[in-house]
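Step one of this worksheet: look at the structure below.
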Amino acid sequence: MSSEVSVPKRKLPVVPLVAAGIVLLVVAVLALRDPALRTALTDGSDRAMDLIRRLGAGVFFGAMAILPAVGVPLMAFTVTAGQAFAPQMGMAGVIAASLGAMAINLALGYWVSRYALRPVLAGLIKRYGYSVPRVNADNALMVTLLVRLTPGPPYAVQACILGLAEVPFRLYMIVSWLAMTPWVLGGIILGKGLFSGKFGVAVTGVCVLIVAVIGVQWIRRKFFRRRTA
336 MSSEVSVPKR KLPVVPLVAA GIVLLVVAVL ALRDPALRTA LTDGSDRAMD
386 LIRRLGAGVF FGAMAILPAV GVPLMAFTVT AGQAFAPQMG MAGVIAASLG
436 AMAINLALGY WVSRYALRPV LAGLIKRYGY SVPRVNADNA LMVTLLVRLT
486 PGPPYAVQAC ILGLAEVPFR LYMIVSWLAM TPWVLGGIIL GKGLFSGKFG
536 VAVTGVCVLI VAVIGVQWIR RKFFRRRTA
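Quick note on the working numbering: the sequence shown kicks off at 336 and runs consecutively.
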């Protein structure tokens, strides 16, 4: 006699996500309406942007292509890129440069984890409680999606896991680039709106990030059900 264990279906946490988005919007509204706070934020951001501009777009996007692979948050670059370089490059140019830097970073992370520092990184991954999945032709797409769309592991750790798992490079690049693109776009738009004091632009950036979160949850649920089936 066999018994079957059913996996309970989980609904998308739409209500918490919408509530979090509303909270972010309220905070943004209050910040933009408070003259003292707005002035302080503007003065601080102006000094930071002046420093970034003096470094130059080449240095900035070069750092964006390298540093997230060693753990520097990608959001630190996306939220400042638009305000710093849109006047000289345009928003389309900033987005294109950011997506290009992200592609270089993805390739660099893959090469480092699969070839250059494989023994060291494998030990670190196991030490901190992560496991390297076994990948074959049948589950490579599933593994790549689950790793890229699972909240928790940092961006650099995800790249290490997929490189160590020897996911095919082309599949790794396509899935990773598509998975990261909404976060890059949302971060750039949100940062541009916040630093320039444009409420509508900031709201658009928040909406892009909320849609990205909901989309990630939906894809994870879909592939999780397929995997259990």
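The C-beta atom is built at its ideal place from N, Cα and C for all residues, glycine as well.
On a predicted model such as this, the values are computed, not experimentally measured, just so you know.
Can you tell me whether DSSP reads residue i as helix, strand or coil?
i	result
Leu452	coil
Pro422	helix
Val447	helix
Gly550	helix
Leu415	Here the sequence assigns Thr to residue 415, which means Leu is not the residue at that position. Three-state DSSP puts Thr415 in a helix.
Arg323	This structure leaves residue 323 out entirely; the chain is present only between 336 and 564.
Leu409	coil
Arg469	coil
Mind checking whether residue i and residue j have CB atoms under 7 Å apart?
i	j	result
Ile439	Ala491	no
Ala392	Phe420	yes
Lys470	Val482	Residue 470 is actually Val in this sequence, not Lys. Result no, Cβ atoms of Val470 and Val482 do not sit closer than 7 Å.
Leu499	Val447	no
Val543	Leu520	yes
Thr415	Gly522	no
Gln418	Phe530	yes
Phe396	Ala431	no
Ala475	Leu497	no
Going by Cα to Cα distance, which pick from the options is closest to residue i?
i	options	result
Arg449	Pro503, Arg555 and Asp473	Pro503
Lys527	Gly540, Thr516 and Trp518	Gly540
Ala442	Arg555, Ala537 and Pro403	Pro403
Met410	Ala457, Arg389 and Ile524	Ile524
Val394	Leu497, Ala436 and Gly428	Ala436
Pro486	Ala514, Ala475, Gly535 and Ala427	Ala514
Ala457	Leu484, Ala427, Gly425 and Ala494	Ala494
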